[in-house]
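First up is the structure itself, then whatever we jot down about it.
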Amino acid sequence: MSIKSDHWIRRMVETQAMIDPFEPGQVSESDTGRVISYGTSSYGYDIRCADEFKIFTNINSAVVDPKNFDENSFVNVKSDICIIPPNSFALARTVEYLRIPRNVLTICLGKSTYARCGIIVNVTPLEPEWEGHVTLEFSNTTPLPAKIYANEGVAQVLFFESDEVCSTSYKDRAGKYQGQKGVTLPKA
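Taking the numbering used here, I'd label the letters of the sequence shown as residues 50 to 237.
Structure (C-alpha cells):
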C-alpha cells in the first residue's frame, strides 16, 4: 500500500471522476482575499466545507445516542460562516462529492489552521467504493465561540492505493452511508 501523489490524484479525477468539483491546484486566495487553502496538494486533496450546517444544541436535554439520534438536537443553518458554541460541535458536508476506487482507502485529517484554534475536524476513513458528500464534524474544544468558513479548506484527504483489490468493498456491503448527499446524521 502506498500514499498517492498529486499526479495520481489528477489522473484518477480524469479517468474515474473521483472528486467533483475538482481543483487541480492549491487555492489560497479568492476575489474576497485570503482563504483557508483547498485543492490538490503534494500528496492529498484539501476538501472544502459547504454552507449547510447542523449546530448541536441541548435545549431539549436530550441524550446523545448513536443508535437513536434525536434530530431536534440540531439547529439548521445555511450561511457562509458557522459559529459553534463553546464546548459544542457542528456537522457539515463537503462541497466535493467523492468516488473512492475499489483498491483505495482514504484517511482524512483536519487542517492545522483549525487545530491551532482548538477546532477539531473529525472524519472517518472513506472505504473502497464508497461515494458521496463527506459528513464532517467540527468540535469546538474552547470556552469561546468558534467560526468555520464555508467554501474554504477544512481537511486533507490522503489516498492509499493497495497493490490488490479488496474482496468486499463498501458498495458490495451496501453500506448505510453509500451515496449520501447533504449533512447525514448517524444511522443505526
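Think of the CB as a built atom: it goes at the ideal place given N, C-alpha and C, for glycine as much as any other residue.
No experiment lies behind these values; they were computed from the predicted model shown.
Answer with buried or exposed for residue i, where buried requires no fewer than 16 other C-beta atoms within 10 angstroms of its C-beta.
{"i": "residue 177", "result": "buried"}
{"i": "residue 50", "result": "exposed"}
{"i": "residue 214", "result": "exposed"}
{"i": "residue 68", "result": "buried"}
{"i": "residue 225", "result": "exposed"}
{"i": "residue 197", "result": "buried"}
{"i": "residue 89", "result": "buried"}
{"i": "residue 193", "result": "exposed"}
{"i": "residue 173", "result": "exposed"}
May I ask whether a heavy atom of the ligand SAH can be found less than 7 Å away from the beta carbon of residue i?
{"i": "residue 196", "result": "The ligand SAH is absent from the structure shown, which contains no ligands of any kind."}
According to DSSP, is residue i helix, strand or coil?
{"i": "residue 59", "result": "helix"}
{"i": "residue 26", "result": "Look at the range of the chain in this structure, 50 to 237, and you will see that residue 26 is not part of it."}
{"i": "residue 65", "result": "helix"}
{"i": "residue 121", "result": "helix"}
{"i": "residue 86", "result": "strand"}
{"i": "residue 162", "result": "helix"}
{"i": "residue 151", "result": "coil"}
{"i": "residue 112", "result": "coil"}
{"i": "residue 202", "result": "strand"}
{"i": "residue 218", "result": "coil"}
{"i": "residue 92", "result": "coil"}
{"i": "residue 129", "result": "coil"}
{"i": "residue 53", "result": "coil"}
Taking Cβ positions, are residue i and residue j nearer each other than 8 Å?
{"i": "residue 44", "j": "residue 205", "result": "Since the displayed the chain opens at 50 and closes at 237, residue 44 lies outside it and no answer follows."}
{"i": "residue 229", "j": "residue 219", "result": "no"}
{"i": "residue 207", "j": "residue 74", "result": "no"}
{"i": "residue 98", "j": "residue 199", "result": "yes"}
{"i": "residue 217", "j": "residue 135", "result": "no"}
{"i": "residue 85", "j": "residue 162", "result": "yes"}
{"i": "residue 236", "j": "residue 203", "result": "no"}
{"i": "residue 133", "j": "residue 104", "result": "yes"}
{"i": "residue 210", "j": "residue 53", "result": "yes"}
{"i": "residue 70", "j": "residue 180", "result": "no"}
Would you say residue i faces chain C, with C-beta separation under 8 Å as the test?
{"i": "residue 111", "result": "Considering every chain present, this structure includes no chain C. It has just one protein chain."}
Three-pair Cβ contact test at 8 Å for the stretch 162 to 174 versus the stretch 120 to 130: Counting Cβ pairs under 8 Å, fewer than three are found: no touch.
Meets three-Cβ-pair contact criterion under 8 Å: the stretch 63 to 74 and the stretch 102 to 118: no
The stretch 140 to 156 touching the stretch 182 to 193, judged by at least three CB pairs closer than 8 Å: Touching, per the Cβ criterion.
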